[in-house]
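What follows is one structure encoded as C-alpha coordinates, with my remarks underneath.
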Amino acid sequence: MTDFNLWEILVICGAICGVMTFLLAVAGLLLAPIIIDRADNALSVLLPKSESLFKGWPVSIGRLATYGRLLLLRQWYQKRVFEGRPDRVAAVESAPAWIKGVTKWIYAPLMPLCALTLVFVGLMKLTE
(Lines of atoms letter the chains of each structure in order from A and count residues from 1; the text may use other names and numbers.)
(Lines give C-alpha, C1' and ligand atoms only; values in the text may rest on other atoms or scores of the structure.)
Protein backbone atom coordinates (compact mmCIF):
# COMPACT_ATOMS: atom_id res chain seq x y z
CA MET A 1 0.00 0.00 0.00
CA THR A 2 1.49 3.33 -0.99
CA ASP A 3 1.38 6.52 1.03
CA PHE A 4 -1.11 7.97 -1.43
CA ASN A 5 -3.61 5.18 -0.76
CA LEU A 6 -3.13 5.53 2.99
CA TRP A 7 -3.72 9.28 2.69
CA GLU A 8 -6.95 8.69 0.74
CA ILE A 9 -8.22 6.23 3.34
CA LEU A 10 -7.44 8.62 6.19
CA VAL A 11 -9.12 11.54 4.41
CA ILE A 12 -12.26 9.57 3.61
CA CYS A 13 -12.56 8.07 7.12
CA GLY A 14 -11.78 11.42 8.75
CA ALA A 15 -14.32 13.20 6.57
CA ILE A 16 -17.03 10.66 7.35
CA CYS A 17 -16.35 10.88 11.09
CA GLY A 18 -16.15 14.68 10.90
CA VAL A 19 -19.47 15.01 9.08
CA MET A 20 -21.19 12.59 11.46
CA THR A 21 -19.76 14.46 14.46
CA PHE A 22 -20.92 17.79 13.05
CA LEU A 23 -24.44 16.53 12.35
CA LEU A 24 -24.79 14.90 15.77
CA ALA A 25 -23.41 18.02 17.48
CA VAL A 26 -25.88 20.30 15.69
CA ALA A 27 -28.79 17.98 16.49
CA GLY A 28 -27.58 17.70 20.09
CA LEU A 29 -27.24 21.45 20.51
CA LEU A 30 -30.72 22.04 19.16
CA LEU A 31 -32.39 19.28 21.18
CA ALA A 32 -30.63 19.73 24.53
CA PRO A 33 -32.64 22.69 25.86
CA ILE A 34 -35.88 21.08 24.72
CA ILE A 35 -35.47 17.63 26.26
CA ILE A 36 -33.18 18.14 29.26
CA ASP A 37 -36.06 18.66 31.73
CA ARG A 38 -37.89 15.56 30.56
CA ALA A 39 -34.72 13.47 30.55
CA ASP A 40 -33.81 14.65 34.05
CA ASN A 41 -37.29 13.84 35.31
CA ALA A 42 -37.11 10.34 33.85
CA LEU A 43 -33.45 9.37 34.31
CA SER A 44 -31.82 11.58 36.97
CA VAL A 45 -31.86 8.67 39.41
CA LEU A 46 -29.00 7.16 37.34
CA LEU A 47 -26.64 9.97 38.34
CA PRO A 48 -24.67 10.13 41.59
CA LYS A 49 -26.42 11.99 44.41
CA SER A 50 -23.85 14.82 44.28
CA GLU A 51 -24.54 15.55 40.59
CA SER A 52 -25.87 19.05 39.98
CA LEU A 53 -28.78 19.28 37.55
CA PHE A 54 -27.75 22.62 36.07
CA LYS A 55 -29.51 23.31 32.77
CA GLY A 56 -26.75 25.07 30.77
CA TRP A 57 -25.78 23.84 27.30
CA PRO A 58 -22.42 22.14 27.91
CA VAL A 59 -23.54 20.56 31.16
CA SER A 60 -26.86 19.43 29.68
CA ILE A 61 -25.18 17.85 26.68
CA GLY A 62 -22.70 16.04 28.93
CA ARG A 63 -25.50 14.79 31.18
CA LEU A 64 -27.56 13.61 28.21
CA ALA A 65 -24.47 11.82 26.90
CA THR A 66 -24.08 10.14 30.31
CA TYR A 67 -27.70 8.98 30.23
CA GLY A 68 -27.22 7.66 26.70
CA ARG A 69 -23.99 5.87 27.57
CA LEU A 70 -25.58 4.22 30.61
CA LEU A 71 -28.55 3.09 28.54
CA LEU A 72 -26.51 1.96 25.54
CA LEU A 73 -24.02 -0.01 27.65
CA ARG A 74 -26.53 -1.18 30.24
CA GLN A 75 -25.23 -4.76 30.30
CA TRP A 76 -21.66 -3.56 30.92
CA TYR A 77 -22.79 -1.17 33.67
CA GLN A 78 -25.07 -3.78 35.25
CA LYS A 79 -22.89 -4.45 38.31
CA ARG A 80 -21.72 -0.86 38.78
CA VAL A 81 -24.94 1.07 38.29
CA PHE A 82 -28.02 -1.14 38.22
CA GLU A 83 -27.35 -4.13 40.47
CA GLY A 84 -29.14 -3.80 43.80
CA ARG A 85 -30.85 -0.58 42.70
CA PRO A 86 -34.44 -1.35 41.70
CA ASP A 87 -35.20 2.38 41.51
CA ARG A 88 -32.70 2.77 38.66
CA VAL A 89 -34.05 -0.26 36.81
CA ALA A 90 -37.60 1.03 37.21
CA ALA A 91 -36.56 4.49 36.00
CA VAL A 92 -35.05 3.05 32.82
CA GLU A 93 -38.05 0.83 32.17
CA SER A 94 -40.56 3.61 32.77
CA ALA A 95 -38.69 6.30 30.82
CA PRO A 96 -40.33 7.33 27.53
CA ALA A 97 -38.96 5.41 24.58
CA TRP A 98 -38.19 8.56 22.59
CA ILE A 99 -35.98 9.93 25.39
CA LYS A 100 -34.09 6.65 25.57
CA GLY A 101 -33.71 6.64 21.78
CA VAL A 102 -32.49 10.23 21.54
CA THR A 103 -29.99 9.84 24.36
CA LYS A 104 -28.70 6.52 22.99
CA TRP A 105 -28.37 7.45 19.33
CA ILE A 106 -27.55 11.18 19.37
CA TYR A 107 -25.73 11.96 22.60
CA ALA A 108 -23.96 8.71 23.51
CA PRO A 109 -21.95 8.39 20.26
CA LEU A 110 -21.07 12.09 20.12
CA MET A 111 -18.10 12.01 22.51
CA PRO A 112 -16.29 8.91 21.13
CA LEU A 113 -16.99 10.02 17.56
CA CYS A 114 -15.46 13.42 18.26
CA ALA A 115 -12.36 11.72 19.70
CA LEU A 116 -12.15 9.43 16.66
CA THR A 117 -12.33 12.45 14.37
CA LEU A 118 -9.42 14.04 16.22
CA VAL A 119 -7.43 10.79 15.86
CA PHE A 120 -8.00 10.79 12.10
CA VAL A 121 -7.01 14.43 11.83
CA GLY A 122 -3.84 13.71 13.80
CA LEU A 123 -3.01 10.74 11.57
CA MET A 124 -3.55 12.89 8.47
CA LYS A 125 -1.16 15.49 9.86
CA LEU A 126 1.44 12.80 10.54
CA THR A 127 1.24 11.40 7.01
CA GLU A 128 1.58 14.75 5.24
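According to my numbering, the stretch in the sequence shown is residues 3 to 130, in order. Positions of the beta carbon are idealized from the N, C-alpha and C atoms, including for glycine. Computed from a predicted model, the values in this text were never measured in an experiment.
Using a Cβ-based criterion (distance less than 7 Å to any ligand heavy atom), does residue i qualify as near the ligand GTP?
i: residue 62; result: In terms of ligand content, the structure shown is empty, and the ligand GTP therefore cannot be addressed.
For the putative contact between residue i and residue j, defined by C-beta atoms under 8 Å, what is the C-beta separation to the nearest angstrom?
i: residue 66; j: residue 34; result: 6 Å
i: residue 57; j: residue 38; result: 6 Å
i: residue 119; j: residue 23; result: 5 Å
i: residue 94; j: residue 73; result: 7 Å
Taking the C-alpha atoms as reference points, what is the distance between residue i and residue j?
i: residue 103; j: residue 86; result: 25 Å
i: residue 105; j: residue 71; result: 8 Å
i: residue 40; j: residue 127; result: 42 Å
i: residue 45; j: residue 16; result: 34 Å
i: residue 80; j: residue 91; result: 10 Å
i: residue 54; j: residue 9; result: 44 Å
i: residue 28; j: residue 20; result: 12 Å
i: residue 121; j: residue 14; result: 13 Å
i: residue 77; j: residue 124; result: 33 Å
i: residue 64; j: residue 52; result: 15 Å
Can you check which of these residues, the options, is closest to residue i by C-alpha distance?
i: residue 107; options: 84, 75 and 88; result: 75
i: residue 98; options: 122, 43, 51 and 7; result: 43
i: residue 30; options: 9, 113 and 121; result: 113
i: residue 59; options: 32, 123 and 50; result: 32
i: residue 110; options: 50, 7, 18 and 69; result: 69
i: residue 83; options: 115, 50, 96 and 64; result: 50
i: residue 18; options: 124, 77 and 115; result: 115
Please classify residue i: is it buried, with 16 or more other beta-carbons within 10 angstroms of its beta-carbon, or exposed?
i: residue 62; result: buried
i: residue 26; result: buried
i: residue 12; result: buried
i: residue 101; result: buried
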